[in-house]
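In order, the protein sequences belong to chains A and B.
Sequential numbering of the first sequence, starting at 3, is according to our numbering.
Sequential numbering of the second sequence, starting at 11, is according to our numbering.
Think of the CB as a built atom: it goes at the ideal place given N, C-alpha and C, for glycine as much as any other residue.
Computed from a prediction, not measured in an experiment: that's the story for all the values here.
A short worksheet on the structure shown next.
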Amino acid sequence: MVRYLQRYHLLSALFLTDLGLLLLSIFLFVLAADYPDMARTFPRLVLVMIMVVTLLDMISFMRDAKAKTSSGEKNKDFDAVSPRQQLKVFYMVALIFIFFLFMLLFGLALGTFLFLMLSGWTLGYRRLKVLILSSVIITAFVYIIFRVIMKSFLPEGLIFTLMGG
Amino acid sequence: MYSLETWIPAAGIVFQWQNMAMVFGVSLIGLTIGFLPGIGPLTALPLFLPITYGMQPGPALILLAVLYMSTTYGGSLSAILLNTPGTAASAATCLDGYPMAKQGKGGVAIGISMMSSFVGGFIGIAGLIFLSPVIADFALKFQPAEYFMLAVLGLVLIAASAKGSVLKGFIAGGFGFIVSSIGMDMMTGYSRFTFGSIYLKGGIPLVPMIIGLFAFSEVFSLIESGDRTISEKGELSGRIIDGLKTPFRYLKTVVRSSLIGLGIGTIPGEGAAVANFTAYLAEARASKRPEDFGTGIPEGVIAPEASNNACVAGALIPTLTLGIPGGGVAAVFMGGIMIHGLNPGFELFTRHQDVLTTLFVGLIVANFLLLICGTILSPYAAKVTVIPINILAPTIVALGVISTYIMRSQVLDVVAAIAAGIVGYLMKKYGYSTVAFLVAFILSPIAEKSFYQAVLLADGSYWTFALRPISGTLFLVTILALILPPIMKKFRKPEPA
Chain A
3 MVRYLQRYHL LSALFLTDLG LLLLSIFLFV LAADYPDMAR TFPRLVLVMI MVVTLLDMIS
63 FMRDAKAKTS SGEKNKDFDA VSPRQQLKVF YMVALIFIFF LFMLLFGLAL GTFLFLMLSG
123 WTLGYRRLKV LILSSVIITA FVYIIFRVIM KSFLPEGLIF TLMGG
Chain B
11 MYSLETWIPA AGIVFQWQNM AMVFGVSLIG LTIGFLPGIG PLTALPLFLP ITYGMQPGPA
71 LILLAVLYMS TTYGGSLSAI LLNTPGTAAS AATCLDGYPM AKQGKGGVAI GISMMSSFVG
131 GFIGIAGLIF LSPVIADFAL KFQPAEYFML AVLGLVLIAA SAKGSVLKGF IAGGFGFIVS
191 SIGMDMMTGY SRFTFGSIYL KGGIPLVPMI IGLFAFSEVF SLIESGDRTI SEKGELSGRI
251 IDGLKTPFRY LKTVVRSSLI GLGIGTIPGE GAAVANFTAY LAEARASKRP EDFGTGIPEG
311 VIAPEASNNA CVAGALIPTL TLGIPGGGVA AVFMGGIMIH GLNPGFELFT RHQDVLTTLF
371 VGLIVANFLL LICGTILSPY AAKVTVIPIN ILAPTIVALG VISTYIMRSQ VLDVVAAIAA
431 GIVGYLMKKY GYSTVAFLVA FILSPIAEKS FYQAVLLADG SYWTFALRPI SGTLFLVTIL
491 ALILPPIMKK FRKPEPA
């Protein structure tokens, strides 16, 4: 069974993504069944369209994969992505949360500066002077735009609020 | 038409040094704000609205209009240099602008963008001044069935133009509609796909969606690529001046795209986000080398740039003449008119012609100033592409998070932007068009509302979309846009090897 699935690339990420989207659209279609008429008609029409198009895409994928398998052509779409690259992306997602945390804790200016220093360094930039200088310039730019010109409401910094009593 | 007596005092007001300084300053601020990923006129205008309270109506409207134009200009710079459109209005510019920047022609692409925007803006302003009564009259004939068909046509064109699989373009568009329908249904008030979340009841806001889909997903791709800088050469080549001359070799493209932008701008609900893609696609269809679109060719930058700036003026036509805002930004602009005690429509064109002519002169002057400022400042903006990615990526993240947060000061907006970023990154990875997703997300409320209204008006008949003259024509064009490309592809002679 697994061999058959592998032979037709049915375990490939591209095929599984389509399958996942098809299942998601079926789930949402069923979920919308309880909605009032006016609230469900349009989304259900769209979901049916998605299901049909996803099925067509899956069929087209299987045909392409079959043709490529029989001709011995290698498709780079089927290549796996290195886990190290994926880890870097996960780290970047974590960094976004870290920045937001820094901003809440230290306020706009200090939070931005600390975040730029931390992320630049941990992402592998080792020229400390350039890193400090660029962090100061970018922080000043961000501060002028958002605080001075746009007068936006941004966190003052929980630490400073607590210190101020 | 406007009398000559109103133009001379209007010019006198605009050329007062305070107002000239304001136009210059606001142009600079707008260019800078527009350059920031995800931040555009819709963020900037509401923030500047309070500043206009104490001003005379004419200069106040100039401030808002110049900010609108300059943020649109600025958005194109980041689209070219970072593949991150400042707003959806510049999303199509990424398709050829960014490849040009990667080829070391960032300066040329910016020059093309500046001049196309200038000419497009000028044609848009001319349309606003001379054609507004006629175009506004046509837009008034649009009924819900027409709005629905226009939204469908917009999505079909965008999905069909998606790189790679057209089917994946439609899937992405479909999910754009579904994600947009999350929250309270506008017709019944019923919560859809919220899974009990109070945050989701209000729907997913546009700004986190744009920032996530474009800015954050770009950061993830940059980090994953392992490249040191965006520009492979490390130094941008190509002079802006060469780019400034280029649009004059493609005058047909400039005029056609500007007219598309102007036309789409006048239709309420259809904004520059739709205009820039429609112009891009129209150009690709009309071109003798459609296969080169997306590889970094001048026409691919001229078309969206001329159209999105013409669209800015076009969106003001129904706002000023009929009191129907052409889009979100035009709605804020209308608020700016009303807080000065002016009523858009007949009264504005008869009793307050002086205010209108001041606005028109201000727009013409601002268009010139933006060209000058843009040309002077762009080389500095171009340096962004040689900044190490280890520094650039966190900077985009910082700007994106702050821009998301300032809209409503909601923590969950930042989470929504991050989620949109992950989705956008995965979509790019697996070949689903993020642009089709976003356009569907924007068009969905108009499409759904118009769909129900049209069906109700037609006593439950779905034939209304095909049988009404204008919507029927749009219906036909939609069908043609769907079936013609595959048929033409089948019958096209294979190119010699």
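Work out the CA separation of residue j and residue i for me, nearest whole Å.
i	j	result
Pro506 of chain B	Ala54 of chain B	Residue placement at Pro506 of chain B is flagged as unreliable, the pLDDT there being 46, under the threshold of 50; the coordinate-derived value follows with that caveat. Answer to the nearest angstrom: the Cα atoms are 52 Å apart.
Thr42 of chain B	Ala403 of chain B	18 Å
Gly410 of chain B	Gly213 of chain B	20 Å
Ala96 of chain A	Ile382 of chain B	41 Å
Leu21 of chain A	Arg65 of chain A	16 Å
Met219 of chain B	Pro109 of chain B	24 Å
Ile327 of chain B	Arg42 of chain A	35 Å
Ala34 of chain A	Val176 of chain B	27 Å
Ala67 of chain A	Gly134 of chain B	49 Å
Phe152 of chain B	Ala69 of chain A	48 Å
Phe31 of chain A	Gly193 of chain B	16 Å
Met53 of chain A	Ser62 of chain A	14 Å
Val36 of chain B	Gly44 of chain B	12 Å
Phe258 of chain B	Pro308 of chain B	11 Å
Leu453 of chain B	Val322 of chain B	18 Å
Leu47 of chain A	Gly184 of chain B	10 Å
Leu73 of chain B	Val33 of chain B	7 Å
Ile28 of chain A	Leu49 of chain A	8 Å
Phe101 of chain A	Leu116 of chain A	9 Å
Thr97 of chain B	Tyr6 of chain A	46 Å
Ile39 of chain B	Ser481 of chain B	41 Å
Glu158 of chain A	Ile412 of chain B	13 Å
Ala316 of chain B	Gly222 of chain B	26 Å
Ala436 of chain B	Phe44 of chain A	The amino acid at residue 436 of chain B is misidentified as Ala; the sequence shows Leu. Each residue's Cα considered, the two are about 26 Å apart.
Leu89 of chain A	Leu24 of chain A	28 Å
Leu358 of chain B	Gly324 of chain B	17 Å
Met30 of chain B	Leu167 of chain B	41 Å
Thr114 of chain A	Pro455 of chain B	36 Å
Would you verify that the beta carbon of residue i is, or is not, closer than 8 Å to some beta carbon of chain A?
i	result
Ala403 of chain B	yes
Arg299 of chain B	no
Lys178 of chain B	yes
Ser471 of chain B	no
Ala155 of chain B	no
Met197 of chain B	yes
Val449 of chain B	no
For a test of the three-state rule: what should DSSP assign to residue i, helix, strand or coil?
i	result
Ser201 of chain B	strand
Met194 of chain B	strand
Trp473 of chain B	coil
Met65 of chain B	coil
Val158 of chain A	Before going further, note that residue 158 of chain A is Glu rather than Val in the sequence given. DSSP places Glu158 of chain A in coil when its eight states are reduced to three.
Tyr37 of chain A	coil
Gln463 of chain B	helix
Pro398 of chain B	coil
Gly306 of chain B	coil
Ala468 of chain B	coil
Asn511 of chain B	Residue 511 of chain B lies beyond the range of chain B shown here (11 to 507); nothing can be said about it.
Gln26 of chain B	coil
Phe152 of chain B	coil
Pro404 of chain B	helix
Gly212 of chain B	coil
Tyr440 of chain B	coil
Gly114 of chain B	coil
Arg299 of chain B	coil
Checking contacts by CB at 8 Å: is residue i closer than that to chain B?
i	result
Pro45 of chain A	yes
Leu116 of chain A	no
Met64 of chain A	no
Lys70 of chain A	no
Ser14 of chain A	no
Thr163 of chain A	no
Just to confirm, does residue i get its C-beta within under 7 Å of one of the non-hydrogen atoms of the ligand FMN?
i	result
Val365 of chain B	Within the structure as shown, the ligand FMN is missing, as the structure has no ligands at all.
* Asked: Touching or not, the stretch 422-437 of chain B and the stretch 209-223 of chain B, by the rule of three or more beta carbon pairs under 8 Å?
  -> The stretch 422-437 of chain B vs the stretch 209-223 of chain B: in contact.
* Asked: Contact between the stretch 124-143 of chain A and the stretch 447-460 of chain B: three or more CB pairs below 8 Å?
  -> With a cut-off of 8 Å, the stretch 447-460 of chain B and the stretch 124-143 of chain A do not count as touching, because too few Cβ pairs lie within range.
* Count the C-beta pairs between the stretch 121-135 of chain A and the stretch 19-30 of chain B that are closer than 8 Å, then say yes if the count reaches three, no if not. => They do not touch, by the three-pair rule.
* Asked: How do the stretch 69-78 of chain B and the stretch 116-130 of chain B stand: do at least 3 beta-carbon pairs fall below 8 Å, yes or no?
  -> No: fewer than three Cβ pairs fall under 8 Å.
* Count the CB pairs spanning the stretch 371-382 of chain B and the stretch 104-112 of chain A that are closer than 8 Å, and state whether there are at least three. => No, the stretch 371-382 of chain B is not in contact with the stretch 104-112 of chain A.
* **Touch test, the stretch 160-169 of chain B against the stretch 287-304 of chain B, Cβ-Cβ under 8 Å, three pairs minimum** => Output reads yes: the stretch 287-304 of chain B touches the stretch 160-169 of chain B.
* Inter-stretch contact (C-beta, 8 Å, three-pair minimum) for the stretch 291-303 of chain B and the stretch 338-349 of chain B -> Touching, no.
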